[in-house]
Amino acid sequence: MPPPVGQVVVGQIPRRPRCFVDRTELAELRSVLNGEPVVVTGMRGVGKTQLAAALARDDIDSGTELVGWVDAETLETACAGLAEIAERLGVADPEGDSAVSARRLRDCLAGRRQAGLLVFDNVVDPDAIRPLLPIAGGTRVLITSTNRDCDALGRSVDLGSYTRQQSVHYLTQATGRPDVADAGLVAAALGDLPLALSCAAATITGRRLDYARYRDLLGQRTLPEVLERKAGHEYPRSVVQAILLSVDAVEARTGRDDRDDPVLWLLAAMSMLSPAGVRRSILPDLDGRLDEALERCVTGSLLSWSADGDAVIMHRLVARVFRERAQSDGVAGDFVFAGLAVVGPLLTDGREVWARRYEGFHVVDQIHAIWNTGLPETMDGALLAQLFATRAWAVVQLTEAADFARALIAAHDTVIDCGRILGPDHPDTLISRSNLARVHESAGRLDKAIPLYEAVLADCERVHGPDHPGTLITRHNLAVAYTTAQLFDKAIPLYQAILTDYERVLGHGHPNIHLARIHLANAYGAANRPDEAIPLCETTLAEHEQALGAMHPDTLSARHALAAAYASAGRFDEAIPLFETTLADSEQVLGADHPDTLSASSDLADVYHSVGRFEPAIGILEPTLTTYEQVLGPDHPRTLIAHNNLAAAYQSVGQLERATRIHETTLASRERVLGPDHPHTLISRNNLAGAYAVAGEFDRAIPLLESAFAARERVLGPRHPATLLARNNLAELYQSAGQLARAISFLENTLSDYTQLFGPDNPHVLIARNNLAAAYHSSGRFDEAIKLFETMLAAFERTQGPDHPITAAARRNLIQLRESKFE
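Written out as structure tokens, the structure is:
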């Protein structure tokens with residue numbers, strides 16, 4: 001994303017309240033907020049957030065280039081808020097990782113001279129926030145907190161209550177009642193606390209009370225047992241009394257249930273949702289009564305609007321009073337249910353995750369807020385199951401949206417909570433562990449994902465038995481991870497068993513059967529077994545077309561898989577039209593920037609490249625790469641594949657310098673994002689070495705290939721197809737560099753292993769035999785070279801026929817080799 005032009009304002013900054021009190025501390029803040037961070041500390045309800053918001057609004061009005069507001073109650077919400085600012089400034093992590101984005105923003109602001117303001121509101125843990133603070137630059141940092149330990153983060157400003165004069169001025173202005181003496185008595189009763197005074201003014205106005213009558217009601221208002229225990233210790237008793245009087249006024253029945261019930265429901269829901277704010281757009285319409293209910297709650301000082309009017313906010317203490325009253329009244333479950341009713345309709349399915357990811361992040365914030373209230377842990381039965389299902393959705397949402405830092409925290413916390421509350425063998429606990437493995441797999445951490453999947457599978461089989469749907473899905477997930485890790489000897493038998501069990505347990509035609517077939521076909525293709533992949537894909541495509549229609553997204557995926565299988569078998573005349581049709585249909589059904597459409601585009605370009613149509617391949621890859629970078633970010637695994645393919649295409653048309661630069665960048669990105677031993681990283685290392693070799697830079701190429709070969713041998717084993725290919729490539733490089741003895745040793749071992757694995761007529765065997773023959777010829781070992789060429793010619797005549805061009809070429813090579821022996 002390019003840097004922004006003009007002012008950037010990010011975050012849900014509270015709107016200026018009516019009758020705002022311009023406190024002397026605001027001027028103090030302006031004077032000291034320069035250089036080191038400033039920390040505003042004070043008890044709940046003294047107006048820390050409103051003071052910070054006033055400063056932020058002033059900066060917006062004065063044209064400060066950057067004003068960012070971050071809910072810093074947890075590390076997760078802080079990173080999410082900082083990531084949003086980073087996105088606006090064009091420095092976000094391309095992969096979508098909020099923790100990485102937060103650090104990149106910190107570093108950007110440290111070197112940024114332009115004026116800015118960054119507010120960390122309601123910090124709880126100073127140690128969690130400290131690493132996120134910029135150490136220099138023109139951006140001022142303001143922190144609010146009730147935790148005095150936060151004073152160590154910067155210069156401290158202690159915020160107390162209003163002065164009595166400020167309290168009286170506020171009350172007389174807000175209520176329109178000028179009796180200064182009685183206003184002073186109310187202020188004294190409320191300890192001059194701004195939150196309590198705001199609630200008092202709303203109650204006095206709404207119920208048309210005078211100050212004396214309000215004081216009588218305040219004294220008479222008893223507290224529920226839970227609040228009575230905590231008042232005076234965790235927050236002032238008078239504040240709770242004032243809040244409850246305001247609640248009484250707002251909740252008072254009017255005789256119109258259609259107007260009163262939405263207010264009660266809204267207050268319950270808001271007390272469960274994020275204290276940083278809830279977007280108006282995600283709240284239910286309440287049969288057309290939402291705006292009326294919001295206005296009634298805002299008038300009663302129980303809710304307030306963000307400065308931009310997009311979000312509504314309930315003060316943390318107000319929300320806490322509501323929840324603790326609900327516990328005392330035995331209706332906590334109704335409050336949890338209300339919170340879930342807001343997020344429930346927003347839990348999009350997998351196909352919509354990416355397109356609606358920013359809305360999804362906000363929903364995830366609300367889900368985490370519901371859980372963090374503590375009320376869900378007191379639930380049981382269906383409601384508790386719904387809570388954990390919602391948290392599982394949040395983990396999947398963050399994973400699919402590539403925010404792996406938040407996904408990992410959410411997944412880890414969910415595993416702990418499920419195990420603690422439900423027990424280690426509960427189905428939801430097993431699902432949560434599988435989701436944690438999925439986060440690691442999506443982030444490229446296969447070394448962590450695979451052991452997790454294996455452990456979950458063992459427990460599923462022990463607890464549920466081998467035929468339980470959860471067990472089958474876990475086995476399927478493990479097979480996918482094995483395939484990604486190129487452990488085909490483990491993946492393929494697992495897929496085969498899964499297909500048999502799916503057919504037996506789920507019945508013919510179940511979607512999981514179709515998906516498993518495609519995944520098995522992909523594994524066959526990756527393992528150089530296309531003849532087994534193609535029938536699977538053909539069957540699946542035919543069934544999809546009959547059941548779903550030609551344009552259904554699942555049908556498009558099946559057609560894509562069949563095209564890939566044809567390509568892996570070298571049947572390009574069939575693969576190319578199928579890829580072209582799939583791409584056109586994907587653009588029509590899914591949109592041009594959908595990840596599946598981009599994958600079809602990239603694969604079509606790859607096939608064009610394979611058949612020597614380099615210019616059309618480049619013509620597709622260049623715009624596809626641009627779209628990948630815009631949609632997924634430059635470090636997303638799919639984007640890096642597109643980088644790799646484009647570099648190969650450039651190299652094929654002689655643009656070696658350009659290709660080498662891309663290969664170098666791609667390798668660096670994959671090492672950083674995926675790790676040094678990830679299969680994609682090893683492919684990049686191989687490709688960069690190839691580019692160096694073409695340029696004659698063998699001293700740079702050989703160490704790269706030796707490293708790639710050693711990694712494959714260590715991770716996959718010495719006889720894995722990918723290891724053999726790496727050994728063959730290294731041998732070719734030794735040969736090109738004139739190191740014939742080393743080349744021949746490697747090639748002999750490679751040919752032997754290939755022949756044992758694939759048989760004498762496999763393409764890999766023929767290539768290895770050709771390479772070894774060429775090495776023998778170069779070293780003057782003509783008899784051995786001729787013998788290999790004779791064997792190779794016989795294989796071509798047997799598999800391709802005597803008149804095939806490749807057979808004719810082999811025959812010519814053999815004749816030339818025999819003639820050269822006697823020259």
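End of the sequence shown = 823 in full-length UniProt numbering, gap-free, step of one.
Quick reminder that beta carbons are idealized off the backbone N, C-alpha and C, glycines included.
Since this is a predicted model, take the numbers as computed values, not measurements.
Alpha-carbon to alpha-carbon, residue j and residue i
i: A617; j: L515; result: 29 angstroms
i: T581; j: L766; result: 34 angstroms
i: G549; j: S599; result: 21 angstroms
i: D308; j: I370; result: 24 angstroms
i: D593; j: G619; result: 17 angstroms
i: L788; j: I450; result: 42 angstroms
i: T24; j: R164; result: 13 angstroms
i: L772; j: D761; result: 16 angstroms
i: E87; j: S281; result: 22 angstroms
i: Y650; j: V607; result: 15 angstroms
i: G423; j: D403; result: 28 angstroms
i: C19; j: V141; result: 27 angstroms
i: I586; j: H680; result: In the sequence as displayed, the identity of residue 586 is Ser instead of Ile. The alpha-carbon atoms of S586 and H680 are separated by roughly 26 angstroms.
i: F388; j: A547; result: 34 angstroms
i: E629; j: T639; result: 6 angstroms
i: R296; j: V263; result: 8 angstroms
i: R57; j: I13; result: 8 angstroms
i: L66; j: R113; result: 11 angstroms
i: Y453; j: A437; result: 6 angstroms
i: D179; j: A189; result: 16 angstroms
i: L55; j: L674; result: 42 angstroms
i: E292; j: Q241; result: 25 angstroms
i: A78; j: A252; result: 37 angstroms
i: A72; j: A268; result: 23 angstroms
i: S557; j: T378; result: 44 angstroms
i: R719; j: H764; result: 13 angstroms
Where residue i falls: helix, strand or coil (DSSP)
i: R88; result: helix
i: residue 872; result: In the structure as shown, the chain starts at 1 and stops at 823, and residue 872 therefore has no counterpart that could be examined.
i: P802; result: coil
i: H38; result: A small fix is needed here, since residue 38 is Val in this sequence, not His. Here V38 sits in strand by DSSP.
i: D158; result: strand
i: V611; result: coil
i: S304; result: strand
i: R812; result: helix
i: V9; result: strand
i: E126; result: Residue 126 is actually Pro in this sequence, not Glu. Looking at P126 - three-state DSSP - the assignment turns out to be helix.
i: P134; result: coil
i: T483; result: helix
i: V100; result: helix
i: V46; result: coil
i: D261; result: helix
i: P634; result: coil
DSSP beta-bridge partners of residue i
i: F120; result: V70, I143
i: V278; result: V312
i: P376; result: Partner(s): none; P376 has no beta bridge.
i: P14; result: S306
Proximity to residue i [Cα-Cα], best of the options
i: V694; options: R571, N729, S246; result: N729
i: H643; options: L632, T666, S652, G654; result: T666
i: V342; options: L190, L283, G507, L117; result: L283
i: E748; options: T723, G759, A775; result: A775
i: P721; options: A485, G801, A293, D121; result: A485
i: L317; options: N512, I498, L302, A92; result: L302
i: I135; options: C108, Q114, G160; result: C108
i: G759; options: S745, T627, M792; result: M792
i: A567; options: L590, L209, L604; result: L604
i: L346; options: P194, S306, R279, D803; result: R279
i: D380; options: G465, H510, E400, F337; result: F337
- Counting only runs of 4+ residues fully inside the region 702-766, write out the alpha helix (DSSP H) ranges in chain order. Taking only runs of at least 4 residues, the alpha helix (DSSP H) segments lying wholly in the region 702-766 are 721-736, 740-758.
- Those runs of the alpha helix (DSSP H) which lie wholly inside the region 153-200 and span at least 4 residues: List check, alpha helix (DSSP H) in window: 164-175, 180-189.
- Tell me the start and end of each unbroken alpha helix (DSSP H) in the region 416-457 that is at least 4 residues and wholly inside, in chain order. Runs of the alpha helix (DSSP H) lying entirely within the region 416-457, each at least 4 residues long, are 427-442 in chain order.
- Query: Which runs of the alpha helix (DSSP H) spanning at least 4 residues fall entirely within the region 538-595, listed in chain order?
  - Reply: Counting only runs of 4 or more, we get 553-568, 572-589.
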